[in-house]
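Numbering (our numbering), first residue to last: 2 to 359. We treat Cβ as the ideally placed atom computed from N, Cα and C, and that holds for glycine. So the structure is just underneath, and the comments pick up after that.
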């Protein structure tokens, strides 16, 4: 088994494939079809339009945004997908948020209470010491890792006692698995952190991430409910087929999620280059699930940013975001990571509530 770095398609950084003839794009003469109306597709369309290039977005869903989806059914915005701007300094999402009217609030990772399995809070000095040990452990795993071993196998071989310690399980899931989106058994021991971060403390978008997608989509030509099934770029004029239409264009920009490419729901003629298809097959995606519960009254510290639970089961509702701090509502947002996150996909609402309340 080969363990590779697990990739999550994030915001502007989607996997993009360009199918085109050899001639260069000419302003006001070429037509570009963009497959996918998520952040990558919308951003590309806006950039092209601003530079005088005609483009059309084909989106399979009945809404734009991709994994960005803001739910307001409870009377306040809940982002079912992206919620934070990670590293806001010089981050292009930050300037986009400002232009779109999105409001943000700093979430302080250090403003946290972590409880043990008996419901007793760890002292701050213990948490600080353990977090330093955890950061050192990440460095040691990276130095000791090999191409064919997972993070979990290398970590367990070095830190046999810590692998079953509830506080270490909390850090492995709430820090590492939350950051990467993947279970540590599927993360590479050498490339688990191979992306470059923007600087600055993370900020949470208070009034909905859809502010950004609405801003980007303004005046763009978008066709919803158009699931692309085939792209033929054999000739100079490219043919794009959906379930019920045929579109012609000069260029195609594909910004669909990795999962769509892996499932081969879009056929390409000619076939994509082997190097590209091999890369698609070897990359993986993980699961982070998000849950929001609302109470009549608050029973937790209003001023705390996060509540942590050192678990028996790694990835099982270990982290809670205080939404009174972010949105002044009596709500907590919690998460599942790694293998446990996959299990919750099949749970009913009642089962999830019961597990969270326990």
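Spatial neighbours of residue i within its chain, please: C-beta separation below 8 Å, excluding the five flanking residues on both sides.
{"i": "residue 332", "result": "75, 77, 293, 294, 295, 296, 324 and 325"}
{"i": "residue 151", "result": "4, 185, 186, 187, 188, 189 and 190"}
{"i": "residue 247", "result": "240 and 241"}
{"i": "residue 238", "result": "249, 250 and 251"}
What is the DSSP secondary structure of residue i, counted as helix, strand or coil?
{"i": "residue 309", "result": "strand"}
{"i": "residue 155", "result": "helix"}
{"i": "residue 1", "result": "Nothing can be reported for residue 1, as the shown portion of the chain is limited to 2 through 359."}
{"i": "residue 135", "result": "helix"}
{"i": "residue 296", "result": "coil"}
{"i": "residue 325", "result": "helix"}
{"i": "residue 314", "result": "coil"}
{"i": "residue 206", "result": "strand"}
{"i": "residue 346", "result": "coil"}
{"i": "residue 353", "result": "helix"}
{"i": "residue 165", "result": "helix"}
{"i": "residue 187", "result": "coil"}
{"i": "residue 330", "result": "coil"}
{"i": "residue 148", "result": "coil"}
{"i": "residue 252", "result": "strand"}
{"i": "residue 44", "result": "helix"}
{"i": "residue 94", "result": "helix"}
{"i": "residue 320", "result": "strand"}
Based on the DSSP secondary-structure assignment, which residues constitute the bridge partners of residue i?
{"i": "residue 338", "result": "289"}
{"i": "residue 130", "result": "Bridge partners of residue 130: none, in fact."}
{"i": "residue 1", "result": "Residue 1 lies beyond the stretch modelled for the chain, which goes from 2 to 359, so this question has no answer here."}
{"i": "residue 122", "result": "116"}
{"i": "residue 85", "result": "205"}
{"i": "residue 105", "result": "206"}
{"i": "residue 243", "result": "229"}
{"i": "residue 32", "result": "55"}
{"i": "residue 223", "result": "58"}
Is the beta carbon of residue i sitting closer than 8 Å to the one on residue j?
{"i": "residue 64", "j": "residue 56", "result": "no"}
{"i": "residue 341", "j": "residue 316", "result": "yes"}
{"i": "residue 40", "j": "residue 69", "result": "yes"}
{"i": "residue 201", "j": "residue 89", "result": "yes"}
{"i": "residue 141", "j": "residue 159", "result": "yes"}
{"i": "residue 256", "j": "residue 42", "result": "yes"}
{"i": "residue 211", "j": "residue 85", "result": "no"}
{"i": "residue 253", "j": "residue 243", "result": "no"}
{"i": "residue 235", "j": "residue 270", "result": "yes"}
{"i": "residue 37", "j": "residue 66", "result": "no"}
{"i": "residue 275", "j": "residue 199", "result": "no"}
{"i": "residue 100", "j": "residue 216", "result": "yes"}
Apart from the five residues on each side of it in sequence, which residues of its chain come closer than 7 Å, Cβ to Cβ, to residue i?
{"i": "residue 157", "result": "164"}
{"i": "residue 260", "result": "286"}
{"i": "residue 312", "result": "167, 170, 171 and 319"}
{"i": "residue 207", "result": "104, 105, 106, 327 and 328"}
{"i": "residue 343", "result": "288"}
{"i": "residue 175", "result": "309, 319 and 320"}
{"i": "residue 291", "result": "81, 334 and 336"}
{"i": "residue 178", "result": "184, 185, 316, 338 and 339"}
{"i": "residue 145", "result": "155 and 159"}
{"i": "residue 301", "result": "308 and 323"}
{"i": "residue 128", "result": "115"}
Below 7 Å, is the gap between the Cβ of residue i and the nearest heavy atom of the ligand MG?
{"i": "residue 342", "result": "Of ligands this structure carries none, so the ligand MG is not represented either."}
Near residue i, which residues of its chain fall below 6 Å by C-beta distance, leaving aside the five closest residues on each side in sequence?
{"i": "residue 97", "result": "213"}
{"i": "residue 251", "result": "31 and 32"}
{"i": "residue 226", "result": "63"}
{"i": "residue 23", "result": "Note on residue 23: pLDDT 48, under 50, position unreliable in the model; the coordinate value appears next. So no residue of the chain qualifies."}
{"i": "residue 233", "result": "240 and 270"}
{"i": "residue 262", "result": "281"}
Determine whether the Cβ of residue i lies closer than 8 Å to any Cβ atom of chain B.
{"i": "residue 166", "result": "Of the protein chains in the structure, only one exists, and it is not chain B."}
Exercise. Could you tell me whether the region 218-232 touches the region 42-49, where touching means 3 or more Cβ pairs closer than 8 Å?
Key: yes
Quiz item: Is the number of C-beta pairs between the region 298-312 and the region 264-273 that are closer than 8 Å three or more?
Solution: no
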